[in-house]
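Beneath this line is the structure, given in structure tokens, with notes to follow.
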Amino acid sequence: MSESKSIGRSVRRLEDPPLLTGKGRFVADLAFPGMLEAAFVRSPHAHAAIRGIDAAAARACPGVHAVLTLGDLAPLLAQERLPLQFRTAKLPSDITPFPLAKDEVAFVGEAVAVVIARTRYIAEDAAALVAIDYEPLPAVSDCRHALAPQAPSAHRSRQSNLLIEFQQSYGDAADAFARAPRRVSVNLKQHRGGAHSIEGRGAVAVYDANEDRLTLWSSTQLAHEVRGFLMTMLRLDENQLRVVAPDVGGGFGAKFVMYPEEVTLAGACLLLRRPIKWIEDRREHFLAAIQERDQHWDLEVAFDHEGRLLAVRGEMIHDEGAYTPQGINLPYNASTALPGPYMLPAFALNVRVAETNKVATMPVRGAGYPEGAFAMERLLDRIADELHLDRAEVRRRNLVPPEKMPYVFPLKTRAGSPITLDSGDFPSYQRAALEAIDYAGFPERQRRARGSGRYLGIGIGNGIKGTGRGPFESGIVRIGRSGRVSVYTGAMPMGQGIKTALAQICAEQFGIAPGDVSVVAGDTAVIPHGQGSFASRQTATAGSAVHLAAVKVRQKALEVAAHLLEVGVADLEVRDGRIEIAGAPGSGLSLREIAEAVSGVPGYAMPGQFEPGLENMQSFLPSALTYGGGCHAVEVEVDIETCGVRILRYIVVNDSGRIINPMIVAPARRLLPRRNARK
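With this note's numbering applied, the sequence shown covers 122 to 800.
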């Protein structure tokens, strides 16, 4: 047994001291001898042919070391286009971006050339001198117009802007509509948005000629994937390439993509044999980092006189932008997320994904779940309006009750598993949120405010979010000869406190404090496999992998101690970093002593013929997603002259499952107005 219980305790985040004292290490903080800096020359046109590039003036600037185009990188490249991150045979092969534009630009901000100079200031000044002969071409900026018969093509190489069309359906929606006593329609536009993390994108490439090894330091959510992409693009193997993600100042999905800038920077480093840094500025983030949403939904809902859902049908058009670096997971997730926590007997949705001359849209903050939830919540509001029913009551009548769990929608995740709401009590989440915001008292508050010329509104929404997405996450637990416990993970910290959570999960197995566990993440040199940070998955997947590995190491430590102490494993207990004979404090061995025993002595046999070391690597492979749910309620004041909105109260009731560290959850509560939140 273990006397120290770490899981479920409030523990100060291990990540915070260096960040709060200015000792964090972000990509922009890195400096290497002889390091150069990069600035990209970006397209001012939404769509144009490139007729020529004159970089003579830029190359002549003092301090400029190179001006590179795709042609300069070509000898290094195994292929011109970046690989598709989420591969599917249904998508064309020519939809990913080039490291630098080839003979055409397809959105404002697309990188055409890169200037490498002694400082960023010199590089930016020289970039302004690169003369590019553009021939402007017709552009398309609206995904609905992009699918019209005579619409301009987003790319000259394709005749149609329709990237892919697919359907999501179950039940008999046509029959449900034919029999339905009531129906209403909605037309919804969900505009674009960006990630806008405090730290933008950035990378530093360093080449070691002695080792023939390239190291890329990148502000990324997926170090192992970046390494895999660069190996593919640059003909490198695992021993020639290391990717490290230092401290990452937020990502929100925008750093879960392999970008052309990373390939270009790595290629430039191999050509010049000098360290090169590029740090994205805020303007570049607006222009070239992936964005979210940009969807149009035309929906019709069938319902009965009590407001109960019978069917939903319609179409969604998704604006993919000019390129598809990752796949169609954003529109796919949105289309399957529409039913949410509600009982929807029949569903038929046609999805068309259109290319336009804008930056790509990919998963950012929710990966399609908010889009699907918004569509359903607006339908429920329309039902309430049509039947003159309270909006909360319409939702209550349609929420999946706990007695129907597990509740299966005949839709599948992109991994092919059925969408199964495995647990939860959705009606209780809504009830708690309404009580916390005093929903019943809102009409009186609204009446009093209107009397003084103020306009109040209230909104509610229910939603679900799948977590534990695969295919896997890996973890290594190691007890070194010093007795120090270390965790190596493929997960990626970027502000969530995952290092602390993993330390707690590991510490519980050895009866030690989380602060006595070192967690190393974001380095492909220390763990061979990893997936990274995305889809609200790290505690479920990386945490499970670390738990499995820690259990294995603990068991081996017990067996080694039993051999050395000449007792049975059942006679031992783990307490405060020691393995002792039960009931006899001070009788056993420390983790350091056990680790030393299996470190080996040259020329002597291993004790008990144990394999050397106290170390284990495990990968956790989830078989399906698990779904959490919650309810949001917000009260706002609207200035009817300026349309300004002021949040008065915001309530969140969320099923968070087993919370590893309540102190990490607490800041989310405090960030909400008046601290009215439950997690």
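We put the beta carbon where it would ideally sit given N, CA and C, even for glycine. It should be emphasised that the depicted structure is a prediction, and the values quoted were computed from it without experimental measurement.
With contact defined as three or more Cβ pairs closer than 8 Å, the segment 558-577 and the segment 734-745 are not in contact. No Cβ-Cβ contact shorter than 9 Å links F228 with S274.
Under the 10 Å beta carbon count, Q200 is surrounded by fewer than 16 other beta carbons and is classified as exposed. Put simply, the backbone Cα of L343 is about 28 Å away from that of Q311. Setting aside the 5 residues that flank it on each side, A234 is surrounded in the same chain by F161, V162, I174, A176, V188, L189, T190, L221, A248, V251 and I253, each with a C-beta closer than 8 Å to its C-beta; the list follows chain order. DSSP places M727 in the coil class of the three-state scheme, outside both helix and strand. In this structure, F219 lies near L203, with their beta-carbon atoms less than 9 Å apart. Looking at V766, R517 and Y444, the one whose alpha-carbon comes closest to that of A481 is Y444. Residue pairing by DSSP puts H439 in a beta bridge opposite Q416 and V474. Here V369 has S340 and M615 as same chain residues with Cβ atoms under 6 Å from its own Cβ, once five neighbours each way along the sequence are excluded.
G315 has Q412 as its beta-bridge partners, per DSSP.
Residue range A344 to L355 is occupied by the alpha helix (DSSP H) that includes M352. Around the Cβ of S318, a 10 Å sphere holds 16 or more other Cβ atoms; the residue is buried. Looking at the DSSP output, P539 shares a beta bridge with K533. P462 sits buried, since 16 or more C-beta atoms from the chains shown fall within 10 Å of its C-beta. Here D425 is not near R517, since their CB atoms are 9 Å or more apart. Within the same chain, and ignoring the five residues on either side of S544 in sequence, the residues whose Cβ sits closer than 6 Å to its Cβ are M526. Taking 8 Å as the upper bound for CB-CB distance, A267 and A475 are in contact here, some 4 Å apart. D215 is classed as exposed because its beta carbon has fewer than 16 other beta carbons within 10 Å across all chains shown.
Between I237 and A432 the beta-carbon gap is near 58 Å, outside 8 Å, which marks them as no contact.
Annotation: R279 to P213 spans about 10 Å, alpha carbon to alpha carbon. V378 and R130 have their C-alpha atoms some 34 Å from each other. Between the segment 607-614 and the segment 638-649 there are three or more inter-stretch CB-CB distances shorter than 8 Å, so the stretches are counted as touching. In the DSSP annotation of this structure, the continuous segment of the beta strand (DSSP E) that includes C752 starts and ends at T747 to V759. Under the DSSP assignment, S607 falls in the beta strand (DSSP E) whose first and last residues are V606 to T610.
Using a Cβ distance threshold of 9 Å, A496 and A469 do not count as a contacting pair. Rounded to whole angstroms, the separation of the alpha carbons of Y490 and N478 is 25 Å. Listed in chain order, the alpha helix (DSSP H) runs fully inside the segment 589-665 are 619-631, counting runs of at least 4 residues.
Closest option to Y291, judged by alpha-carbon separation, among I400, L465 and S127: L465. According to the DSSP assignment, D293 belongs to no alpha helix (DSSP H), since it is labelled neither H nor E. Annotated three-state conformation of A152 is coil, per DSSP. Counted as a single uninterrupted DSSP element, the alpha helix (DSSP H) harbouring Y453 occupies residues N450 to A458. DSSP places G580 within a strand segment (E or B) once states are collapsed to three. Listed as beta-bridge partners of V369 by DSSP are no residues whatsoever. For Y328, the enclosing beta strand (DSSP E) covers residues G323 to D329.
Nearest Cα to D137 within the set G582, R334 and G618: G618.
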